[in-house]
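Here the structure is laid out as structure tokens; the discussion comes afterwards.
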Amino acid sequence: MINMSRGQFYFTLWCIITWTGAFAEMEAQAHSTMSIIVALVLYLHNRHVEKQEAEQRKRDHEDRRRNSKLSIVLATLLITACTTTNIQQYTALDTTDKTITVPAGGSGLKGEIKKMLSDNGWELVVYTGPDVIESKNNRIEKFGTFKTRYQLALTTRQFDQCFNLDPAIRYDISLIDNKTGSEVITMEGRGCEKDVAREFTNAILK
1311 MINMSRGQFY FTLWCIITWT GAFAEMEAQA HSTMSIIVAL VLYLHNRHVE
1361 KQEAEQRKRD HEDRRRNSKL SIVLATLLIT ACTTTNIQQY TALDTTDKTI
1411 TVPAGGSGLK GEIKKMLSDN GWELVVYTGP DVIESKNNRI EKFGTFKTRY
1461 QLALTTRQFD QCFNLDPAIR YDISLIDNKT GSEVITMEGR GCEKDVAREF
1511 TNAILK
């Protein structure tokens, strides 16, 4: 058995308590340091993941833009490849009498052509169809005489949409001389609506 004085005993006890506290403090500091290191690692990891996700979103956005541009180019090429025009002029146009009977309405190709003709000094008269006389057993259609020199007849059908959102149409247009009953100009094919109207109007005005 170790013999020590009371003073030595208390001193030894104090040293043990002090060392124990120091070890506990060091352990707490180590634990705190480890917590900070773990938090820092998690923060850096999250930042790295966020950066990768942002870069991926940017790449996806650029891919979508490229694909969109490519789609527009391909659609334009397809529509252009499908564009056909066949113009026939059979007789000369009398530009001293710029009066023309046109279908009623302002939509589609007929509206585009009517606007261009009106802008270039043509007088437009609307044809509303024949007068109909109906009785109990009979139906008589009475066709009036055209008072204009020319008559516009056309049929159209939309089959797609051009890159500029203009309707892509199939069309058949005829300009008829009411004085002689002959066709002056015919034009048929496929194309963008505004381009077709411009091309037909240019054929009349040239």
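Numbered according to this note's numbering, the sequence shown spans residues 1311 to 1516.
Beta carbons: idealized from backbone N, C-alpha and C, even for Gly.
{"query": "Within a Cβ cutoff of 7 Å, which residues of the same chain sit near K1504, ignoring the five residues on either side of it in sequence?", "result": "E1422, D1476"}
{"query": "Should I1346 go down as buried or exposed, given a rule of 16 or more other Cβ atoms within 10 Å for buried?", "result": "exposed"}
{"query": "Quick one: residues in its chain with C-beta nearer than 8 Å to the C-beta of A1513, no 5 flanking neighbours on either side, listed in chain order?", "result": "I1397, Q1399, I1495, M1497"}
{"query": "Just verifying my parser: in three-state terms, what is the DSSP assignment at N1396?", "result": "strand"}
{"query": "Nearest by alpha-carbon distance to A1463: which of E1493, H1358, A1478 is it?", "result": "E1493"}
{"query": "Once the 5 residues before and after T1465 are set aside, which same chain residues still bring their CB inside 6 Å of it?", "result": "D1482"}
{"query": "Using three-state DSSP, classify D1505 as helix, strand or coil.", "result": "helix"}
{"query": "What is the DSSP secondary structure of F1510, counted as helix, strand or coil?", "result": "helix"}
{"query": "Could one say the Cβ of N1377 lies closer than 9 Å to chain C's Cβ atoms, at least one of them?", "result": "Considering every chain present, this structure includes no chain C. It has just one protein chain."}
{"query": "Which value, in whole angstroms, describes the spacing of the CA atoms of G1501 and T1395?", "result": "8 Å"}
{"query": "Straight-line CA distance for K1516 to W1432?", "result": "14 Å"}
{"query": "So what's G1421 in DSSP terms, helix, strand or just coil?", "result": "helix"}
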